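So in this note's numbering, the last one in the sequence shown is 182, and the numbering has no gaps at all. Remarks on the structure that follows.
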Amino acid sequence: MKKFILTLIFPVLLLSCENCDCPEPKSEGIIDHTEMEAQAQLMKLAFANKDVDAMLDLFTDDLTWWLPNNQVIQGKEQAKAVFEDVFSRFEIMTMDTPKNAAGDDFPPIIMGTTSEENGNWLLRWSPFYYKALNGKEVTMNFHTAIAFNEENKIRVLAAYYDRSLLINLYENEDPLKALE
3 MKKFILTLIF
13 PVLLLSCENC
23 DCPEPKSEGI
33 IDHTEMEAQA
43 QLMKLAFANK
53 DVDAMLDLFT
63 DDLTWWLPNN
73 QVIQGKEQAK
83 AVFEDVFSRF
93 EIMTMDTPKN
103 AAGDDFPPII
113 MGTTSEENGN
123 WLLRWSPFYY
133 KALNGKEVTM
143 NFHTAIAFNE
153 ENKIRVLAAY
163 YDRSLLINLY
173 ENEDPLKALE
């Protein structure tokens, strides 16, 4: 047993040193996501309540929201028009739906990151549930990257999901077609 333990520890002793010649870290990596996630939870509440003003309060004036199929929402004015239209089409919209389509628990995966070049980001993998006014329903997984400014306002969102599932719920034209 002693040989086994020495075999495990000896390489660590050889490879470790007190005075490392390693480069200085760039202060990039994983960070505490608590404050950023609090903002995401406010967005979740505004989303569920279809509260356009509460949603807009979370964003910088020059917000950029990237959506699948090369759709982009630029600024609060355009975001307001899109939210009003989308909110009018659904009876229920929820973020972080507790169960996936199979009925299994599916808690969101959340991570905070930072880098010198890009600032602080919240990365979320979360199921969303939609019920359209026509009764059609869908639960889809969203992969969202959210960038924050120094005041903890959302400046960039990049959302990745299968939009075809959502588009199939619309009675009329896809509201993002107006952006093209």
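Even for Gly, the Cβ is constructed at its ideal location relative to N, Cα and C. Values in this document were obtained by computation on a predicted structure and should not be read as measured data.
TODO: With a threshold of 16 other CB atoms inside 10 Å of the CB of L129, please say whether the residue is buried or exposed.
DONE: Looking at the sequence shown, residue 129 is not Leu but Pro. In the assembly as shown, P129 is a buried residue. Its beta-carbon has 16 or more other beta-carbons within 10 Å.
Task: Cβ-Cβ distance between I1 and W123 below 8 Å - done: The chain is shown only over 3 to 182; residue 1 falls outside these bounds and no answer can be derived.
Task: Close beta carbons around F85, own chain, < 7 Å, minus the five adjacent residues each side - done: Result list for F85: V54 and M57, in chain order.
TODO: Helix, strand or coil for K133, going by three-state DSSP, please let me know.
DONE: Look at K133 here: in three-state DSSP terms it is strand.
TODO: Kindly indicate the opening and closing residues of the alpha helix (DSSP H) around D87.
DONE: For D87, the uninterrupted alpha helix (DSSP H) segment begins and ends at G77 to F89.
Task: G114 and M38 closer than 8 Å at C-beta - done: Against a cut-off of 8 Å, the Cβ pair of M38 and G114 comes out as a contact.
Open item on the list: Using a Cβ-Cβ cutoff of less than 8 Å, which residues in the same chain neighbour Y163 once the five nearest sequence positions on both sides are dropped?
Closed with: Only residues of its own chain outside the window of five on either side were considered, and among them P70, F130, M142, N143, F144 and H145 have a CB closer than 8 Å to the CB of Y163, listed in chain order.
Task: Distance between A134 and Q73 (C-alpha atoms, nearest Å) - done: As the crow flies, the alpha-carbon of Q73 is around 21 Å from that of A134.
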